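Protein chains in written order, with our numbering: chain A, 2 to 429; chain Z, 2 to 429.
We put the beta carbon where it would ideally sit given N, CA and C, even for glycine.
These numbers come from a predicted model, not from an experiment.
Have a look at the structure below before the remarks.
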C-alpha cells in the first residue's frame, strides 16, 4: 500500500479534503480512547533499570584494590579501577580520565563555570572578562546543553547536524575570525536527537580547524557511546588523540556517564581530557569536593567487572529497547510513508528518533497529540531558546514506555502528523 | 604534681636550662620510638564507619513513599522523606530544605559560584561585576572555607572566634559601610577548630546587623550540628527564623551533611534557606543536574528511619570518639598544665581540639612532631592563606587514629610543645 501513495502536495483539492476528513475521523477515534502516554524524555524503562538490580546489594567489600577504605574521604580523581574501565571504553589513557558523581551534566556545567571564573590553561583571561561569548551549537541538539548556555549568557550560533556530524565548513567559518566563539557542543555518538555518529574525518577536521580563540573548547558529550541498537556498533572518533595530533590537545573535553547504563540519577560520571585540562579541572574542583562517592564507584566496579562487562550489559539494554525503536519506525512508515510530509531517523544507537514533519506544523502536531493524551517533547526543544526556525522538528523518546504503549502512541502521533499536514496544505 | 608547676616564663635561667634539657631528652626518646601517627584531618575512624555498615545492603526497595522509582531521573530537591528528617534535625521548615549529593562543600562552592555568575535574589548585579569582593572569616576557622575564597579571588577579613561565636562588634564594623563585604563563614555548632557554639544572642545580632551590601550572605556551615561529645547536646541557633524576623530572610544559607554521620564521601548533603534563596539556587542548579542520587537518599532514609534515628546513631559515634578527646586533654594536662605555654579547648562536640601554644612556636611544634613521626595539620592552616599572625595555633584531629595511638601521639605532641617553648624562651 505504502508504495502507491501520492505525496500530499500533489493531491487535488478534493483529494486533499478527503484525506483531511479521513485524518479528522482517525483523530476523533484517537481522542475517544482517552490515552495517557508519554514520549517526552529519554529515560530508561523499569525493565532496563532492573538489569542493574544487583547494584542495590553491592559493594560486597569496603576496600578498593589499593586497600583504601572507600567509605572515607579522599580520592578526588575517583576509583582507579573504575577509571580503567572507562579509559578502555572511551579509548583514552587512564591518566586522562576522572570519575565523579551521578551526573555528567554537572561536570559540563562545572567546566563552563570554571572557564568563566578562571579561564583554562590556554586562556588569555577568564571568560567572564571577555567582551562577548559565543558557542557553536549543531541543531537539532540536546535541550539541556542549550538551556545551560542560555543561563550562562553565552550566545548560541547554530550549524546543521549532518549524518556524519556537524557541518564542518559552517563551524570552521564561525570560529576562524571571531575570538568570542569559545566553544561548541557535540554529542558524537548516536547524537541527541538525530542519532548521527560523528565520523573520524569530521572529528579530525573539528580538532584541527583554526580558531580565533586560543582556548576554544569542544564539549564532547559522549552520552551514548555504548548505546548501540544494532550489531553494527559505532566506534566513537578518538577525539583526544586527534586533537593532540593537530596541536590542540586542550580543545576537547569528553564526558560520559552510566545514567543510561545502570541507574539514571544514581550512576557515575566520567570526564576525559588532556593532562593540562585535567590538572586545571581538578585544581578548582579540589576546592569544591574532597572526592566523589567512592562507594558508588566500587559498587559499579564490582557490578561490571570490566569494560567487557559494560559492553555485555549494553546488549541486554539493546534487547529491551531495539523493538521500541522498530515500533516507532513501523508506525510512522505504515501511516506516513510516501506522503511527503515527514522524515524520520532510523537510529542505530542512542535514545531518540528525530521526526521532521511538514514545515510549520510541529507545534500543531504536539498540540494535537497532547489533546489526545500523548505527551511529546515541546516542538523546538532541540533548538537554542526552544526556537525551531522551520517549526518542523519533534524529538521522540521511545525507551521509557512499554512496547505496546510505544506502538499505540506512535500510531496516534502519525495521525496527528497527517492531520496537521492536511490542515496546513488546505489553508494554502 | 601539675598544680605546683611554675610558669615557664618565671623560671630562672638555670631552671629553664634544666627544663629544656629534660624536654630534649624526652624528645630524643620520642624520636627513638620511630612512630608513624597522624592527627591531621577530621576523618571518622573505621570503627565509626562500621556503625553504618547496614547501608551497604540498602535500600531494600526502589520506590520512595510517593511511589517514584528512585533509580530513574528527576526530583531535583531530593527525596521528601530525607528532607523531612533534616528539617526536623535543623529546626527548619520542610520547604526550606533540599538534599543533594555527597558533599556540602560542593553546595557551598556552587552557592558562591552562582552568586558570582548571576547574583542572588537581592543583588544589584552579579558579584563578578562588583569592583571588589570581601568575606568576613572568623579565625581560627576551617581551612577549606578559606581555600575556596582564595581560589575565587575573594579577599578575606578576619575577626576573632570567641566561645559564643564570632566577635559580633568586629563583624558589624566590617560590614556596615563597605558594600564589597558580601558574606561571611560560620561553623555555628562545635566550630572547626575551636568547638565554639554560636549563641542564640550572637546569631540574632549577626542576622540583624546592618550591612552595606543588600545581598550579604552568611554561609552557615552546620557540619557538626549533631556531633555531640557530652550529654549536654547543644542546640544550634535558629538562623533562618532569626534572619526572617530581622527582615533579612535571604542572609543565611545553611549547610549540613552526613559525611561524619554515615560514610565520609558517600553520604548526603543538605542545604536550607529562605524560599527565595531556594528557588534561586534550584533555578541555576536545574541547568547542572537532573537530580541528586535518590537511591542514596532512600538508602539513608531506610537506615535512619527518622530524625531520632540520627540522634541515636550520633550517640554511638560519641561512645567511640569521646574517649579520644579525653585522651587529648589528659595528655596535654599531664605534661603542660601550669606551664603557661599552652591553652587548649575541651570541646563538647565536633571533631577538633584547638591547641594554642606559645606565640611563635606553632610551626616549630609541627616540625618537631613531624621529625618524630607524628603528622599534625600545618601550623596556620586554620587561618586565611595559611598565615597565623601569632604562629601559635595547631588543630588537633583525634577521631581517626585508635585510642592508644591518640594517647601516644598526644604525649609526643606535648613534649614537642614544651621543647619548642623552652627553645623560644631560652633564646630571649
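What are the partner residues of residue 159 (chain A), as DSSP defines its beta bridges? A:138
C-beta neighbour in chain A for residue 107 (chain Z), strict 8 Å: yes
Can you have a look at residue 297 (chain Z) and say buried or exposed, based on whether 16 or more other CB atoms are within 10 angstroms of its CB? buried
How is the alpha helix (DSSP H) around residue 256 (chain Z) delimited, first residue to last? Segment 253 to 258 is the beta strand (DSSP E) holding residue 256 (chain Z); no alpha helix (DSSP H) there.
Name, going along the chain, the residues of the stretch 25 to 50 of chain A whose beta-carbon falls closer than 8 Å to a beta-carbon of chain Z. 42, 44, 45, 47, 50
Roughly how many whole angstroms lie between the Cα atoms of residue 267 (chain Z) and residue 293 (chain A)? 8 Å
Roughly how many whole angstroms lie between the Cα atoms of residue 235 (chain A) and residue 191 (chain A)? 8 Å
Just curious, the beta strand (DSSP E) that residue 284 (chain A) is in, first and last residue? Per DSSP, residue 284 (chain A) belongs to no beta strand (DSSP E); it is in the alpha helix (DSSP H), 276 to 286.
Compute the distance between the beta-carbons of residue 122 (chain Z) and residue 221 (chain Z), then report whether it is under 8 Å. no
Give the range of the beta strand (DSSP E) segment to which residue 101 (chain A) is assigned. 98 to 101
Determine the contact status of residue 47 (chain A) and residue 376 (chain A), defining contact as a CB-CB distance below 8 Å. no
7 Å Cβ cut-off: residues of chain A touching residue 117 (chain Z): 118
Using a Cβ cut-off of 9 Å, pull out every chain Z residue sitting near residue 315 (chain A), in sequence order please. Here the premise fails: no neighbours, minimum Cβ distance about 17 Å.
List in chain order: all unbroken beta strand (DSSP E) runs of 3+ residues lying wholly within the stretch 178 to 205 of chain Z. 182 to 187
Buried versus exposed call for residue 2 (chain A) [16 or more other C-beta atoms within 10 Å across all chains shown]: The pLDDT assigned to residue 2 (chain A) is 45, lower than 50, so where the model puts this residue is not dependable; a value taken from the coordinates is nonetheless given after this. Its Cβ having fewer than 16 others within 10 Å, residue 2 (chain A) is exposed.
Could one say the Cβ of residue 222 (chain A) lies closer than 8 Å to chain Z's Cβ atoms, at least one of them? no
Cβ-heavy atom distance between residue 84 (chain Z) and the ligand GDP below 7 Å? For the structure depicted, the ligand GDP is absent and the ligand set is empty, with no information on it obtainable.
Pairs of beta-carbons, one from the stretch 307 to 317 of chain A and one from the stretch 382 to 392 of chain A, closer than 8 Å: are there three or more? no
Spell out whether any CB of chain A is found under 8 Å from the CB atom of residue 305 (chain Z). no
Report back the beta-carbon spacing between residue 10 (chain Z) and residue 339 (chain Z) to the nearest angstrom; my notes put them in contact at under 8 Å. In fact, because the Cβ distance is near 12 Å, the residues do not count as touching under 8 Å.
Can you name the residues of chain Z whose CB is closer than 9 Å to the CB of residue 1 (chain A)? It is not possible to answer for residue 1 (chain A), since the shown part of chain A is limited to 2 through 429.
Span of the alpha helix (DSSP H), counted from its first residue to its last, around residue 291 (chain Z): Element bounds for residue 291 (chain Z): n/a, residue is neither H nor E.
Name the chain A residues that come within less than 7 Å of residue 58 (chain Z), Cβ to Cβ? 58
Using a Cβ-Cβ cut-off of 8 Å (strictly less than) and excluding sequence neighbours within five positions of residue 6 (chain Z), which residues of its own chain qualify? 338, 339, 340
Can residue 256 (chain Z) and residue 105 (chain Z) be called in contact, C-beta distance under 8 Å? yes
Going by DSSP in three states, residue 130 (chain A) sits in which element: helix, strand or coil? helix
Residue 174 (chain Z) burial status per 10 Å Cβ neighbour count (16 or more: buried): exposed
Residue-chain proximity (residue 291 (chain A), chain Z), Cβ-Cβ < 8 Å: yes
Any Cβ of chain Z within less than 8 Å of the Cβ of residue 325 (chain A)? no
Taking the straight line between their C-alpha atoms, what separation do you get for residue 179 (chain A) and residue 136 (chain A)? 11 Å
Using a Cβ cut-off of 7 Å, pull out every chain Z residue sitting near residue 296 (chain A), in sequence order please. 264, 267
Proximal residues, the stretch 67 to 101 of chain Z versus chain A, C-beta separation under 9 Å: 70, 71, 72, 73, 74, 75, 76
Would you say residue 104 (chain Z) faces chain A, with C-beta separation under 8 Å as the test? yes
Residue span of the alpha helix (DSSP H) that contains residue 119 (chain Z), given as start and end: 105 to 119
Is the CB of residue 448 (chain Z) under 8 Å away from at least one CB in chain A? Outside the shown range of chain Z (2 to 429) lies residue 448 (chain Z), about which nothing can therefore be said.
Do you know offhand how far residue 248 (chain A)'s Cα is from residue 241 (chain A)'s? 11 Å
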